[in-house]
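Residue numbers (the UniProt record's numbering): 1 to 63.
Worksheet: one structure, shown below.
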Ligand SMILES: [Zn+2]
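See the structure below:
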């Protein structure tokens, strides 16, 4: 059996598994998720803390 998944999907799984914890106030979001935007060869993940509105951004390059 072979399962072909895009790098994007693998990345998404990785982020979904990681805990969303606000670095500013320590709020842990158990239901929310990263907002994902793609442009060119980059994927940008953004999380806005519902508690203090801090914005956490991570950018990943797709090879
Ligand atoms: Zn926060």
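Built from N, CA and C at the ideal position, the CB exists for glycine as well.
- Close CB contacts of residue 35 within its chain, under the 8 Å cut and outside five residues either way in sequence, are with 45, 46, 47, 48 (chain order).
- At least one heavy atom of ligand 1 lies closer than 8 Å to the C-beta of residue 24.
- Judged by DSSP in its simplified three-state form, residue 62 adopts coil rather than helix or strand.
- The residue among 53, 42, 4, 62 with its C-alpha nearest the C-alpha of residue 26 is 53.
- Proximity of the beta carbon of residue 27 to ligand 1 is indicated: a heavy atom of the ligand is located closer than 8 Å.
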